[in-house]
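Undergrad:
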Ligand code: MEV
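The structure is reproduced here in structure tokens:
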């Protein structure tokens with residue numbers, strides 16, 4: 329096949345770029361320079377990044393912003409956020425400031441349990457395999473000791489192991505369902521190592537000891553893997569205040585605002601089309617801190633959306649009420665996070681971001697990140713139910729549009745002045761730049 333290659337990973341970085349640019353970027357004379365301009369001058373730092381993954385050719389930058397003024401359980405935080413979307417950090421900061429003078433955010437860990445499964449098929453009598461599992465369970469756990477000892481010393485490890493008959497869902501399908509406590513580690517490596525050991529023991533014990541074993545009573549391990557669905561690893565974050573305190577300088581009637589806000593959240597609770605966008609706004613805040621702290625945002629996303637659908641229909645992750653004149657707004661979200669292992673010590677910025685947060689434990693980081701999601705959602709729903717989202721969003725996006733038109737510093741300053749009192753739209757920015765350039769030509 330043209331444009332394919334054997335042994336790409338063995339090429340040097342320069343050779344990889346040369347191959348790539350000549351095969352897939354030949355029309356772009358600047359391709360190599362664009363890739364190389366993101367290389368770090370510090371060779372050691374660059375090598376560190378090169379070695380995070382295979383076939384690294386450059387670094388992909390995202391802005392790292394700070395949302396200050398978060399009060400969480402009476403302690404103040406400046407939260408690091410890595411994200412490209414213009415308005416996210418501004419909205420988080422605004423929401424943090426809003427709640428700073430209204431008691432701040434309160435959080436509670438509802439659980440820290442992680443899950444893993446050994447999926448297997450068994451074609452014989454389900455009663456026999458269940459009874460056999462109960463007989464062998466102690467041996468399986470004993471075999472696991474070398475892997476769990478150190479985690480157990482610190483209070484973690486395997487918490488439960490049971491056989492689940494899933495043959496109603498799929499013929500011959502069973503699983504060994506395990507729960508774990510992984511403390512400050514996200515735990516994927518620990519859990520997967522344990523599961524592979526459990527699977528090995530289970531298969532061996534069956535082969536060696538199951539008296540009922542025969543050709544039509546076959547046990548086959550299909551796979552062993554953690555579940556990213558962690559409905560037992562959940563944090564709750566909340567804000568509340570008397571409705572009368574919801575008023576702000578913009579003069580909106582606090583009762584009307586509270587009513588509209590609660591109604592907007594109810595709509596997200598019952599209407600999946602709205603819920604997805606509502607939760608996307610929450611994930612704007614969550615993912616940004618997850619990324620900044622070196623955690624796995626794909627795992628977090630997958631778990632959050634599964635949790636949002638846990639009652640059978642996709643729904644909002646946040647909820648709001650007004651009771652006895654008190655406005656209450658909260659989130660409940662599963663967050664399997666780590667503050668040790670993974671990138672946490674390796675990536676200098678991740679390390680610094682964790683330090684800035686006071687080197688939190690994993691549960692403390694769950695609390696901080698849930699708060700970031702709640703704040704983000706508060707900002708979005710507040711805008712949506714008052715000014716509309718575009719006003720703030722387009723203001724924040726203005727600089728991107730100006731950069732797209734390659735505006736000079738002078739043009740940017742004039743545009744910023746102009747849009748202080750005018751509505752920002754793409755065509756308004758285009759018109760302004762065209763007119764500025766025309767009058768500069770005619771001057
Ligand atoms: C945009 O990234 C996020 C929002 O659409 C969220 C929402 O609608 O709640 C503003």
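Residue numbers (my numbering): 329 to 771.
The beta-carbon is built from N, C-alpha and C at its ideal position, and this holds for glycine as well.
Just so it is clear, the structure is predicted and the values come from calculations on it, not from any experiment.
Can you determine whether any heavy atom of the ligand MEV sits closer than 7 Å to the C-beta of residue 712, and answer yes or no?
TA: yes
Undergrad: So that I know if they touch, is there some Cβ in chain C lying closer than 8 Å to that of residue 750?
TA: Looking at the structure shown, chain C is missing, and only one protein chain is on hand.
Undergrad: Decide if residue 654 is buried, meaning its Cβ has at least 16 other Cβ atoms within 10 Å, or exposed.
TA: exposed
Undergrad: For residue 400, which residues of its own chain have a beta-carbon under 7 Å away from its beta-carbon, when the five flanking residues on both sides are left out?
TA: 432, 433, 435, 695, 696 and 699
Undergrad: Since residue 438 and residue 562 are thought to touch, with beta carbons under 8 Å apart, how far apart are those beta carbons, to the nearest angstrom?
TA: 4 Å
Undergrad: Given this structure, state the Cα-to-Cα distance separating residue 505 from residue 662, to the nearest angstrom.
TA: 19 Å
Undergrad: Please confirm if the stretch 372-389 is in contact with the stretch 578-597, defined as three or more CB-CB distances below 8 Å between the two stretches.
TA: no
Undergrad: Per the DSSP calculation, residue 409 is bridged to which residue(s)?
TA: 393
Undergrad: Between the stretch 665-680 and the stretch 611-626, are three or more C-beta pairs nearer than 8 Å?
TA: Short answer: they touch.
Undergrad: Any idea what DSSP makes of residue 819, helix, strand or coil?
TA: Residue coverage of the chain in this structure runs from 329 to 771, which leaves residue 819 outside it and unanswerable.
Undergrad: Give me the Cβ distance between residue 407 and residue 612, rounded to the nearest whole Å; I'm assuming they're in contact under 8 Å.
TA: Rounded to whole angstroms, the Cβ separation of residue 407 and residue 612 is 13 Å, and the two are not in contact under 8 Å.
Undergrad: Tell me whether the beta-carbon of residue 723 lies closer than 8 Å to the beta-carbon of residue 747.
TA: Going by C-beta atoms, residue 723 is nearer than 8 Å to residue 747.
Undergrad: Taking the continuous beta strand (DSSP E) assigned at residue 658, which residues delimit it?
TA: 654-662
Undergrad: Within the chosen definition, does the stretch 476-488 reach the stretch 627-644 through at least 3 CB pairs nearer than 8 Å?
TA: As far as the Cβ criterion goes, the stretch 476-488 does not touch the stretch 627-644, which means the pair count is below three.
Undergrad: At a cut-off of 7 Å, is residue 606 close to the ligand MEV when judged by its beta-carbon and the heavy atoms of the ligand?
TA: yes
Undergrad: My guess is that residue 486 and residue 508 are in contact by the Cβ rule of under 8 Å, so how many angstroms apart are they, rounded?
TA: 6 Å
Undergrad: Kindly indicate which residue of 564, 460, 749 and 707 has the alpha-carbon position closest to the one of residue 418.
TA: 707
Undergrad: Is it buried or exposed, residue 635, if we count other Cβ atoms within 10 angstroms and call 16 or more buried?
TA: buried
Undergrad: So residue 680 is in the alpha helix (DSSP H); what residue range does that whole segment cover?
TA: 676-684
Undergrad: Can you tell me whether residue 407 sits near the ligand MEV, meaning its C-beta is under 7 Å from at least one heavy atom of the ligand?
TA: no
Undergrad: Between which two residues does the beta strand (DSSP E) holding residue 488 run?
TA: 485-493
Undergrad: Would you decide whether residue 551 is buried or exposed? Buried here means 16 or more other CB atoms lie within 10 Å of its CB.
TA: exposed
Undergrad: Going by beta carbon distance, what residues of the same chain come within less than 6 Å of residue 376, once the five residues before and after it are set aside?
TA: If we look at residue 376 and ignore the five residues flanking it on each side, it has no Cβ neighbours.
Undergrad: Sort 616, 442 and 547 by Cα distance to residue 489 and report the nearest one.
TA: 442
Undergrad: I'd like the list of long-range same chain contacts for residue 576, defined as Cβ closer than 7 Å, with 5 residues on each side in sequence excluded.
TA: none
Undergrad: Hey, which unbroken runs of the beta strand (DSSP E) at 3 residues or more fall wholly within the stretch 495-541?
TA: 501-509
Undergrad: Is it the case that the stretch 515-532 contacts the stretch 596-614, given that we only count it when at least three CB pairs across the two stretches are under 8 Å?
TA: Contact between the stretch 596-614 and the stretch 515-532 is not established, with fewer than three Cβ pairs separated by less than 8 Å.
Undergrad: Is residue 597 close to the ligand MEV? I mean its beta-carbon at under 7 Å from any heavy atom of the ligand.
TA: no
Undergrad: Should residue 363 and residue 345 be called a contact, given that it needs their Cβ atoms to be closer than 8 Å?
TA: yes
Undergrad: Between which two residues does the alpha helix (DSSP H) harbouring residue 701 extend?
TA: Its alpha helix (DSSP H) spans residues 690-713.
Undergrad: Which full runs of the alpha helix (DSSP H) of 4+ residues lie inside the stretch 347-401, going along the chain?
TA: 359-364 and 371-378
Undergrad: What is the rounded straight-line gap between the Cα of residue 660 and the Cα of residue 468?
TA: 35 Å
Undergrad: Do the stretch 440-458 and the stretch 555-575 meet, that is, are 3 or more Cβ pairs less than 8 Å apart?
TA: Enough Cβ pairs lie closer than 8 Å, so yes.
Undergrad: I need the boundaries of the alpha helix (DSSP H) containing residue 755, first residue and last residue.
TA: Segment 754-770, the alpha helix (DSSP H) holding residue 755.
Undergrad: At which residues does the alpha helix (DSSP H) containing residue 454 begin and terminate?
TA: 454-481
Undergrad: Could you check if residue 412 belongs to the surroundings of the ligand MEV, using beta carbon to heavy atom distance under 7 Å?
TA: no
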